[in-house]
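Counted the way the numbering used here counts, the sequence shown spans residues 4 to 70. A virtual CB, placed ideally from N, CA and C, is assigned to each residue, including glycine. Since the model is a prediction, treat every value here as computed from it, not as a measurement.
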Amino acid sequence: MKNADIRELSNKELGARIKAEKQQLTKIMFNHVVTPLENTNTIKDTKKLIARLLTEQKRRMLEINAQ
């Protein structure tokens, strides 16, 4: 998901996406412990996506508070 796509999400969609990605990360990490993943980059990519989503959420909060 690109940053432009993230900016287009509504606040509600953004919160739901953060929750879903965190659940996905937990699932991926659990599966990696049980059986090694073929592509371990999925863990890194999911963490980066969560960070970008949280950054956008924080930016919106600061923007609202600044007004």
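Contact check, residue i vs residue j, beta carbons under 8 Å
i      : j      : result
Gln-60 : Leu-17 : yes
Leu-28 : Ile-9  : no
Ile-31 : Leu-56 : no
Glu-24 : Thr-49 : yes
Asn-6  : Arg-63 : no
Complete runs of the alpha helix (DSSP H) confined to the segment 9–65 [at least 4 residues]: Correct list: 14–37.
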